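Presented below is the structure to which this report refers.
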Amino acid sequence: KETFEGHQVLRIVPKNELQLSLVKNLEEMMEFELDVWMGVTGVSHPVDIRVPPHTLESFKSYLDSLDLEYSTMIEDVQAILDMEREQMESAAR
Amino acid sequence: LAQPRNTDSFDYANYHTLSEIYSFQDMLVAENPNLVSKIVIGQSYEGRPLNLLKFSTGGSSRPAIWIDTGIHSREWVTQASGLWFAKKIVTDYGNDSALTTILNNMDIFLEIATNPDGYYFTHTSDRMWRKTRKPNPGYSCYGVDPNRNWDAGFGLPGASSYPCSETYHGPSAFSESEVKSIVDFVKSHGNIKAFISIHSYSQMLMYPYGYTTTPVKDQAELHALAEKAITDLASLYGTRYRYGSIINVIYQASGSTVDWTYEQGIKYSYTFELRDTGTYGFLLPAKQIIPTAEETWLALMALMDHTYKNPY
Chain X
33 KETFEGHQVL
43 RIVPKNELQL
53 SLVKNLEEMM
63 EFELDVWMGV
73 TGVSHPVDIR
83 VPPHTLESFK
93 SYLDSLDLEY
103 STMIEDVQAI
113 LDMEREQMES
123 AAR
Chain S
1417 LAQPRNTDSF
1427 DYANYHTLSE
1437 IYSFQDMLVA
1447 ENPNLVSKIV
1457 IGQSYEGRPL
1467 NLLKFSTGGS
1477 SRPAIWIDTG
1487 IHSREWVTQA
1497 SGLWFAKKIV
1507 TDYGNDSALT
1517 TILNNMDIFL
1527 EIATNPDGYY
1537 FTHTSDRMWR
1547 KTRKPNPGYS
1557 CYGVDPNRNW
1567 DAGFGLPGAS
1577 SYPCSETYHG
1587 PSAFSESEVK
1597 SIVDFVKSHG
1607 NIKAFISIHS
1617 YSQMLMYPYG
1627 YTTTPVKDQA
1637 ELHALAEKAI
1647 TDLASLYGTR
1657 YRYGSIINVI
1667 YQASGSTVDW
1677 TYEQGIKYSY
1687 TFELRDTGTY
1697 GFLLPAKQII
1707 PTAEETWLAL
1717 MALMDHTYKN
1727 PY
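Line order of the protein sequences matches chains X and S.
33 is the number of the first residue of the first sequence in my numbering; add one for each residue after it.
1417 is the number of the first residue of the second sequence in my numbering; add one for each residue after it.
Set out below in structure tokens:
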């Protein structure tokens, strides 16, 4: 079973058209193995991207180099999945 | 593990496996034989039934409303909302005058698990799975984005031709049995008047087109109705939605479901993106299921009521 320990979901909010196009380009980049949860829609609208742990630091550095601010929406995807699973099993019991 | 004995004891406030969804559908049919029936419109790639619940008070070839949930498998709140909608329809029929009137004149079709292989895979192997589960010859990755696989601007910008992409459009339009089965059903039915395809999670209600900036000929009406629907939705918990054509609200998206349904003549073609708390994304906690479904239902009622009152 695939697990997601250490995967984070970063939220980026493009502030202008330039940032918008930079974020749009991220969606096409393969090297960071990104999983775009919520794609680019417009200035001031959030973009959520799941990032695996082995590319997390380099991806954050890349965002910094582009002056793209981000926040961490989910610190550890697997922790939430574990809670979700426990809740389902508990409800079933 | 305790199994619900009927749809009253079913736990709508929690997420459920595919087998529990199938069991729920059978229970609902058994409990409401004069209102609900189950139609199997096809099989998924891995051979699972594509079940459609038909809510009908009789008649033949009545005008109909289509609702599907969960074509993207990891969007669990969508399938969970579909279960709640199904129960809501049977409990409100005879009690809510607007829904009763609709059902006395139209049928409602509801496909709760639109991508059963993917949904099963999210429970057993990869919670983040989004696509279908058909292998891509020559690649180690699987699946097609079933919301880019329709014959409406198929293969244009706004979908990927790379099989490992999450937005891979597939080798050809309707290559996915999960999509083709809906296409065959819609064409053979011939009298579907509204088609509502439900996703999560970015709080949007959109109408065609996604593949072109050309406005649909019914743009003004669809826009006004979307505004009404999201206003009704917001009246419950204040959840704010964006609305408009797909290409204006998001970026270009080609080969999508409601672009095709609109081009088939189904004027009231809409796609939802359900609520976003800004905290959990697709991992929306189960306690959010019922509020999400409740508020979405208000918007669905607005769309369905308008469809009934504006025959074409």
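Even for Gly, the Cβ is constructed at its ideal location relative to N, Cα and C.
Computed from a prediction, not measured in an experiment: that's the story for all the values here.
Counting C-beta atoms within 10 angstroms of its own C-beta, Y1653 (chain S) has fewer than 16 neighbours from the protein chains shown and is therefore classed as exposed. If you ignore the 5 residues before and after D1692 (chain S), its C-beta comes within less than 6 Å of the C-beta of Y1617, S1618 and Q1619, all in its own chain and listed in chain order.
Inter-segment contact for the segment 1560-1577 of chain S and the segment 1434-1443 of chain S is absent: fewer than three beta-carbon pairs are separated by less than 8 Å.
In this chain, D80 (chain X) is not harboured by any alpha helix (DSSP H); it is covered by the beta strand (DSSP E) spanning V79 to V83. If you look at E49 (chain X), you'll find it in the alpha helix (DSSP H) that goes E49 to L58.
Between Y1696 (chain S) and chain X, the shortest Cβ-Cβ separation is below 9 Å. Counting every other CB atom within 10 Å of its CB across the protein chains shown gives T1538 (chain S) a total of 16 or more, marking it as buried. Judged by beta-carbon spacing, Y1623 (chain S) lies beyond the 9 Å limit of E1643 (chain S), meaning their Cβ atoms are not closer than that value. In this structure, the beta-carbon distance from T1485 (chain S) to F1501 (chain S) falls below 9 Å. With contacts defined as CB atoms closer than 9 Å, E1582 (chain S) and D80 (chain X) fail to qualify as a contacting pair.
Between the alpha carbons of I1666 (chain S) and T1712 (chain S) lies a gap of roughly 20 Å.
According to the DSSP assignment, P1631 (chain S) belongs to no alpha helix (DSSP H), since it is labelled neither H nor E.
Residues of chain X with a Cβ closer than 8 Å to the Cβ of D1542 (chain S) are, in chain order, K33 and E34. Of S:I1705, S:S1685 and S:I1706, the smallest CA-CA separation from L1719 (chain S) is found for S:S1685. With three or more CB-CB distances shorter than 8 Å, the segment 1541-1550 of chain S counts as touching the segment 1452-1463 of chain S. Not a single C-beta of chain X is nearer than 9 Å to the C-beta of N1422 (chain S). Per DSSP, T1473 (chain S) lies in no alpha helix (DSSP H) segment and is marked neither H nor E. Across the structure, T1473 (chain S) and A1645 (chain S) are spaced so that their CA atoms are roughly 25 Å apart.
The beta carbon of P1532 (chain S) sits closer than 6 Å to the beta carbons of L1434, S1460 and R1464 from its chain, once the five residues preceding and following it are set aside; these are given in chain order. Against chain X, the CB of H1585 (chain S) has no partner CB under 9 Å away; the residue lies outside that interface. Judged by beta-carbon spacing, N1422 (chain S) lies beyond the 9 Å limit of Q1441 (chain S), meaning their Cβ atoms are not closer than that value.
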